[in-house]
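Undergrad: Residue numbers (our numbering): 650 to 702.
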Amino acid sequence: MNEVKLTLSLKEINQILEALGNQSYVSVFELVANIQEQVQTQMKNTGPIETVA
């Protein structure tokens, strides 16, 4: 699988997660988990973590 790296603000990420939250859980749960995991990993080294829904 090809990977693409995006640079987004936490506000933008939360907007994406909110939009995904309106979709069927079965079709988006892995994507949501992947986004949350990557955000948390990156934020560990930058200070306090804001809530990512």
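Don't be surprised by glycine CBs; every beta carbon is placed ideally from N, CA and C.
Keep in mind that this is a model prediction, so the values were computed, not measured.
When you compare the CB positions of LEU669 and VAL688, do they come within less than 7 Å of one another, or not?
TA: Taking the first residue of the sequence shown as position 1, residue 669 is located at position 20. Taking the first residue of the sequence shown as position 1, residue 688 is located at position 39. No; because the gap between Cβ atoms is not below 7 Å, this pair is not in contact.
Undergrad: Which whole-angstrom value is the C-beta distance of LEU666 and ILE684, which I expect to be below 8 Å?
TA: Stepping through the sequence shown from its first residue, residue 666 is reached at position 17. Stepping through the sequence shown from its first residue, residue 684 is reached at position 35. With 8 Å as the limit, LEU666 and ILE684 qualify as a contact, their Cβ atoms being about 6 Å apart.
Undergrad: Please name the residue, chosen from LEU659, VAL653, ASN651, that lies closest to THR695 on a Cα-to-Cα basis.
TA: For this step, residue 695 is matched to residue 46 along the sequence shown. Here the closest residue by C-alpha is LEU659.
Undergrad: How far does the alpha helix (DSSP H) with LEU659 in it extend, from its first residue to its last?
TA: Within the sequence shown, residue 659 is the residue found at index 10, counting from 1. DSSP places LEU659 in the uninterrupted alpha helix (DSSP H) bounded by 659-670.
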